[in-house]
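The opening residue of the sequence shown carries number 1 in full-length UniProt numbering; numbering runs sequentially from there.
Beneath this line is the structure, given in structure tokens, with notes to follow.
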Amino acid sequence: MITMNEVWKTYPNGVMAINGIDITIDKGEFVYVVGPSGAGKSTFIKMIYREEKPTRGDIIIDGKNLAKMKERHIPLLRRRIGVVFQDFKLLPNLSVYENVAFALEVIEESPSNIRKRVMDVLDIVHLKNKARFYPHELSGGEQQRVAIARAIVNNPSVLIADEPTGNLDPDTSWEIMHILDDINQRGTTVVMATHNKEIVNTIRKRVIAIEGGRIARDEMRGEYGYER
Ligand code: ADP
Ligand code: ADP
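Structural data, given as structure tokens:
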């Protein structure tokens, strides 16, 4: 479902962030992306949702080659890939409900179907009772759960999470992990960059370690493998 063939990325300033990556991630997998700071994890992840373009090589998602994709087709791609960030990125002037509904790509859906879809995803993240709240009225963990609801509302085949627990305390981080695991169990492929050693070593999944822009390790039920 996600394939990279001989992918290289050099930024315009000459930094070589990714130096020849070959990888396949199958439908329904849960993958942790780990590695030291500056190793290339964010660049790797950003190329999957086409925030960055590879300098060389192919990235194929659901049969589409992102490297060759025309700019006008990118919005369509983004609908099939949900993204969650460390800093949530919610719209402060919209309620929880509106933040999620806003992301929903409405194609001649009746208002009652839209409402049902939004409430269904708020249920998955256990926030149905806070639909009318605004982001500043929520804890950090709740804001991240809204961001997750927004990321999955279009039923994407892949959910990308870039350090989703980076701003959260340990208990809240576990809550977020249980939700991501639940979403994965429902069939969505999850690719998560993280520095959370405890989580990686406890909820065992495939671990892809990136060092110096190359794959240093790729293990099923792998370990975090760094001090922090
Ligand atoms: P990680 O997520 O593992 O910390 P990154 O992918 O953010 O690593 O960065 C990999 C390398 O690319 C680093 O040397 C970083 O400074 C550089 N880099 C990241 N983004 C940019 C950019 N937009 N322009 C130039 N260099 C960048
Ligand atoms: P945390 O433990 O992450 O610091 P808070 O103490 O900020 O969480 O919030 C605890 C609970 O109180 C959360 O469920 C949050 O939604 C609710 N809450 C916090 N601030 C407000 C507010 N201004 N209005 C309504 N509910 C709030």
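By construction, the Cβ of each residue, glycine as well, lies at the ideal position given by its N, Cα and C atoms.
Closer than 6 Å from C-beta to any heavy atom of ligand 1: which residues, in chain order?
Tyr11, Asn13, Val15, Ala17, Gly35, Ser37, Gly38, Ala39, Gly40, Lys41, Ser42 and Thr43
Got a sec, what are the start and stop residues for the alpha helix (DSSP H) Glu6 sits in?
As a working note, residue 6 is residue 6 in the sequence shown. Looking at the DSSP string, Glu6 is not in any alpha helix (DSSP H); the run it does join, the beta strand (DSSP E), is Ile2 to Thr10.
Using 8 Å as the threshold, is the segment 50–69 in touch with the segment 136–151, meaning 3 or more CB pairs across them?
no
Boundaries (first-last residue) of the alpha helix (DSSP H) holding Val100:
By one-based count along the sequence shown, residue 100 stands at place 100. Val100 -> alpha helix (DSSP H) spans Val96 to Ala103.
So Ser95 packs on Arg132, CB below 8 Å; how close in whole Å?
As a position in the sequence shown, residue 95 is number 95, starting the count at 1. As a position in the sequence shown, residue 132 is number 132, starting the count at 1. Sure, about 5 Å apart at Cβ, within 8 Å.
Residue interval of the alpha helix (DSSP H) (run including Val118):
Stepping through the sequence shown from its first residue, residue 118 is reached at position 118. Residues Pro111 to Ile124.
Alpha helix (DSSP H) containing Gly141: first to last residue?
Here the question's residue 141 lines up with position 141 in the sequence shown. Per DSSP, Gly141 belongs to the alpha helix (DSSP H) from Gly140 to Ile152.
Assign Phe88 to one of three DSSP states: helix, strand, or coil.
As a first step, residue 88 is located in the sequence shown; it is residue number 88 there, counting from the start. Note: Phe88 maps to coil in three-state DSSP.
Does the structure place the segment 18–25 close enough to the segment 36–47 that three or more beta carbon pairs sit under 8 Å?
yes
Are Ile48 and Ile81 close, meaning C-beta to C-beta below 8 Å?
One-based indexing of the sequence shown puts residue 48 at position 48. One-based indexing of the sequence shown puts residue 81 at position 81. Taking 8 Å as the Cβ cut-off, Ile48 and Ile81 qualify as a contacting pair.
Where are the beta strand (DSSP E) runs, 3 residues long or more, that stay fully inside the segment 150–191, in chain order?
158–162
Could you round the C-beta distance between Ile25 and Arg50 to whole angstroms and report it? I think they count as a contact, below 8 Å.
For this step, residue 25 is matched to residue 25 along the sequence shown. For this step, residue 50 is matched to residue 50 along the sequence shown. With a Cβ gap of about 16 Å, Ile25 and Arg50 do not count as contacting.
For Glu211, which beta-bridge partners are listed by DSSP?
Residue mapping note: residue 211 aligns to position 211 of the sequence shown, counting from 1. Beta-bridge pairing links Glu211 to Arg214.
Is it the case that the Cβ atoms of Gln86 and Asp162 are separated by a distance below 8 Å?
As a first step, residue 86 is located in the sequence shown; it is residue number 86 there, counting from the start. As a first step, residue 162 is located in the sequence shown; it is residue number 162 there, counting from the start. A contact, by the Cβ cut-off of 8 Å.
Using a 10 Å radius around the Cβ and a threshold of 16 neighbouring Cβ atoms, would you call Ser110 buried or exposed?
Translated into positions along the sequence shown, residue 110 becomes position 110. The residue is exposed, with fewer than 16 neighbouring Cβ atoms inside 10 Å.
Starting from Asn19, trace the beta strand (DSSP E) both ways and give me its first and last residue.
Translated into the one-based positions of the sequence shown, residue 19 becomes position 19. Its beta strand (DSSP E) spans residues Met16 to Ile25.
Would you mind giving the Cβ-Cβ distance between Glu29 and Thr172, rounded to the nearest angstrom? I have them listed as a contact below 8 Å.
Mapped onto the sequence shown, residue 29 falls at position 29. Mapped onto the sequence shown, residue 172 falls at position 172. Wrong, their Cβ atoms sit about 25 Å apart, outside the cutoff.
Contact set for Glu223: own chain, Cβ-Cβ below 6 Å, skip 5 residues either direction:
Locating residue 223 in the sequence shown gives position 223, counting from the first residue. The answer, listed in chain order, is Asn201.
Going by C-alpha to C-alpha distance, which of Ala193, Asn184, Asn154 and Met177 sits closest to Leu77?
Start at 1 with the first residue of the sequence shown, and residue 77 comes out as number 77. Cα-wise, what sits closest to Leu77 is Asn154.
If you count every other CB in all the chains shown that lies within 10 Å of the CB of Lys9, and 16 or more means buried, which is it?
The residue you call residue 9 lines up with position 9 of the sequence shown. It is buried - the Cβ of Lys9 has at least 16 other Cβ atoms within 10 Å.
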